[in-house]
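Asks: Supplied in structure tokens, the structure appears directly below.
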Amino acid sequence: MLSTPPILMSQRVVRVCLFLVAAIAVLGGTLQMWLGQPDTSPRLDNVHRFMAGVYLSTGFVSFWAATTIRRQATLVYLLALGVLLAGVGRLVSICQVGLPEPAAVWLGYLVLELALSIVIAGAHMVTNRHALQLPAG
């Protein structure tokens with residue numbers, strides 16, 4: 041019987057972060073798909089629900105990546121990039137049209153998105169260094 045080596049701490053960190061991303065994206069994507077954007081034009085509602093589907097599917101991909109973390113490589117970096125770009129999009133929106141109310145909630149989302157992307161990519165780099173047995177410096 042083959043034994044599986046224990047999961048690395050860096051893989052645990054990535055796994056927890058990806059499960060968090062998955063939960064946020066599945067819940068948020070489902071909610072936005074259901075609610076749409078009723079206070080706007082049909083065109084903007086259509087785009088909003090389309091993006092809700094992308095958001096929802098990203099949640100499923102993040103969940104799968106978290107459960108199969110030992111086999112993941114580039115996908116983790118791409119998911120971290122997606123989270124980072126979501127945060128950048130939120131930051132551009134805040135700069136261009138203002139901060140929605142309640143401000144603390146939206147700033148919390150922004151900080152979480154920016155921090156999660158850095159933690160996911162950084163912890164995955166540690167995993168890759170360990171796998172390649174490269175020095176940490």
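For what it's worth, the working numbering labels the leading residue of the sequence shown as 41, then goes sequentially. Beta carbons are placed, not taken as given, at the ideal position from N, Cα and C, and that holds for glycine. Because the structure is a prediction, the values reported are computed rather than measured.
(1) Out of curiosity, what's the CA-to-CA distance linking residue 123 and residue 153?
(2) Ordered along the chain, which non-local residues of its own chain (more than five positions away) have a Cβ less than 8 angstroms from that of residue 66?
(3) With the cut-off set at 7 angstroms, would you say residue 120 and residue 163 are in Cβ contact?
(4) Excluding the 5 residues preceding and the 5 following residue 106 in the sequence, name in chain order all residues of the same chain whose CB lies nearer than 6 angstroms to its CB.
(5) Please confirm whether residue 180 and residue 81 have their CB atoms less than 7 angstroms apart.
(6) Apart from the five residues on each side of it in sequence, which residues of its chain come closer than 6 angstroms, Cβ to Cβ, to residue 92?
(7) Classify residue 141 as helix, strand or coil using the three-state DSSP reduction.
(8) Using a Cβ-Cβ cut-off of 7 angstroms (strictly less than) and excluding sequence neighbours within five positions of residue 149, which residues of its own chain qualify?
Replies: This is what the structure holds:
(1) 6 angstroms
(2) Counting only residues of its own chain and dropping the five nearest sequence neighbours on each side, residue 66 has a CB closer than 8 angstroms to the CB of 96, 99, 100 and 103.
(3) no
(4) 55, 58 and 59
(5) Absent from the model: residue 180. The displayed extent of the chain is 41 to 177, so no value can be given.
(6) 69, 72 and 73
(7) If DSSP states are grouped into helix, strand and coil, residue 141 belongs with coil.
(8) 130
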